Every structure is written in structure tokens, then in C-alpha cells.
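First the structure, in the form of C-alpha cells, and then the observations on it.
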Amino acid sequence: NVMIDHIAALIFNKDRELLVLRKKTPNNRKECILPGGKREKGENDEQTLRRELFEELGVEIDSLTYYKQYLDKAIFEEGEDFQQTTYITKLNSNNINVENEIKEALWIKSDYENIGIVCNPTLKLKIIPDLIKDGYLEEQ
1147 NVMIDHIAAL IFNKDRELLV LRKKTPNNRK ECILPGGKRE KGENDEQTLR RELFEELGVE
1207 IDSLTYYKQY LDKAIFEEGE DFQQTTYITK LNSNNINVEN EIKEALWIKS DYENIGIVCN
1267 PTLKLKIIPD LIKDGYLEEQ
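Letter by letter, the sequence shown follows residues 1147 to 1286 in this note's numbering.
Below, the structure is given as C-alpha cells:
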């Protein structure tokens, strides 16, 4: 069974909101995911994130700090094992432009579900609770 290796950016604005994205999908799925993507052959984590964030949002990275790694089942590739390595990511500018396969970009607080935003299971059940516990996202 092949492991999907996904590198993801945790990007916060000055209001301590987290950036999440919705991809364009054939069935218009609602789930939001973190910016980032799959490693291409020969890339390290930083190169993957730089390429993906430029492709998805047209932004450059200032700094990356390793956060945590999460294991799960993939949401878009049914039943595949999914490893997501997350980095606290500072951009040179939070002026993001939604590009290519991205449908929309949203800045969320910890109470995002109250306003009808849906995050994928790893984000909802693991990453966001960790970010709250570690003080990156405020408990609303």
C-alpha cells in the first residue's frame, strides 16, 4: 500500500486565523484542507511547500518551522494511507491569490464550524485541536 506524502503549511494572519483552502472537485466537495501538496521526486519538504504555495496561492515563503506529522487515511484518494507533515509557515505577504485547482481560500478561527465551514477529518480532529492546545489558535 503506497503512502501519500503530503507537506502542509500552517499559515496564520495577524488575527491568529488559520488559512484553509477548498479545492475545485468534480462533485464540489465542501471540505477545507491545508495549503500544500504531494512531494515530487527529489524534493525536500521546503521545496515541495515553496512550489505548492506558489502554484496554489502565488506566494513566497519567508520561513518554515517544523510542527508535527500526522498519519491518516486520505480523503481525496479513497482508503490510501496519508502522511501529512505540517510546518508553521510565514509568508513574505499574506496577499494571496487563489490559483489553479483552488476554489477558495478562507481564514478560520477555532469556531469555524459555527459558520458552516467543514474541514477534513485530520484537520478537524487532530491538527486544529493541537493548534489550540499549543496556543496558535485561540479557543473561541
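Note that the Cβ used here is the ideal one computed from N, Cα and C, for glycine as well. From a predicted model like this one, the values you see are computed outputs, not experimental measurements.
Under the rule that a run must span 4 or more residues, the alpha helix (DSSP H) segments found entirely inside the segment 1174 to 1254 read 1191 to 1203. The C-alpha of I1157 is placed about 23 angstroms away from the C-alpha of T1171. Around the beta carbon of N1266, 16 or more other beta carbons lie within 10 angstroms, which makes this residue buried.
Measuring C-alpha to C-alpha distances from D1208 to each of K1214, S1239, F1228 identifies S1239 as the nearest.
Excluding sequence positions up to five before and after I1254, its CB lies within less than 7 angstroms of the CB of E1163, L1164, V1166, I1263, all in the same chain and listed in chain order. Counted as a single uninterrupted DSSP element, the beta strand (DSSP E) harbouring K1169 occupies residues 1164 to 1169. Among the bridge pairs identified by DSSP, L1156 is matched with I1234.
The straight-line gap separating the alpha-carbon atoms of K1270 and P1181 is approximately 15 angstroms.
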